[in-house]
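Novice:
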Amino acid sequence: MKFVATLLEGAFMVEAEAISDERGFFARSFCTQEFVEHGLDPRLVQCSVSYNERHGTLRGMHYQRAPYAETKLVRCTMGKIYDVMLDLRPQSPSFMRWHGVELSADNRRAVYIPEGVAHGFLTLSDACEVFYQISEFFHPECAAGVRWNDPAFAIAWPEPVRQISARDQGYPDFAE
């Protein structure tokens, strides 16, 4: 696997290194040892899947507060998304900065999202499936989010949002 640093402290793109032959390819998508060697949290206690029918669906920007903050490894297994990470860690050198990347079934990239970084995505095609590997069990009392279009962050989404939940639409303006 190849770990590529992003603009956010501790957040990485994780790229599979495929070994190809006449049958297709084989690639490792997760390895505890390689994550530890890169200083990343390798714990995985839960996996989740998000399926999204329509192009232009936005989910986010979500995170889980302490004491159950979580890291995530996220990949798009069907379709194509614009994936965004937003640093909400006040002590981080990249506090309030965001980083976006296209994830798709074709490019097989994943993003590693550390604790304290919010996550969201916009579908760039119909029928998108997103696979999450998560370091912490879900605790609804710690679930939180910030608004996808909050001017404090000025996230540049590549296309218009056509579908979003009332919850994601209704987060208040960010206050440090």
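So for the sequence shown, the numbering used here puts the first residue at 201; every next one is plus one. Where a beta carbon is used, it is the ideal one built from N, C-alpha and C, also for glycine.
Kindly list the residues whose CB is nearer than 6 Å to the CB of residue 234, restricted to its own chain and excluding five residues on each side of it in sequence; keep chain order.
Specialist: Excluding residues within five positions, the ones whose Cβ falls inside 6 Å are 201.
Novice: State the DSSP-derived secondary structure class of residue 271, mapped to helix, strand or coil.
Specialist: Three-state DSSP puts residue 271 in coil, outside helix and strand.
Novice: Is the region 327-337 close to the region 247-259, with three or more CB pairs under 8 Å?
Specialist: Contact holds: three or more Cβ-Cβ distances are below 8 Å.
Novice: Starting from the Cα of residue 301, find the closest Cα among 345, 316, 284, 317 and give me that residue.
Specialist: Answer by Cα proximity: 284.
Novice: Flag this pair as yes or no: are the beta carbons of residue 364 and residue 286 separated by less than 9 Å?
Specialist: Not in contact: residue 364 and residue 286 (Cβ atoms no closer than 9 Å).
Novice: Distance, Cα to Cα, residue 236 vs residue 230?
Specialist: C-alpha separation (whole angstroms): 11 Å.
Novice: Along the chain, where does the alpha helix (DSSP H) containing residue 366 start, and where does it finish?
Specialist: That run of the alpha helix (DSSP H) goes 366-369.
Novice: Between residue 206 and the ligand ZN, is the CB less than 8 Å from at least one heavy atom?
Specialist: What this structure holds is no ligand at all, so the ligand ZN is not there to describe.
Novice: Which of helix, strand or coil does DSSP assign to residue 277?
Specialist: DSSP places residue 277 in strand when its eight states are reduced to three.
Novice: Excluding the 5 residues flanking residue 377 on each side, which residues of the same chain have their C-beta closer than 7 Å to its C-beta?
Specialist: Because the chain here runs from 201 to 376, residue 377 falls outside it and cannot be looked at.
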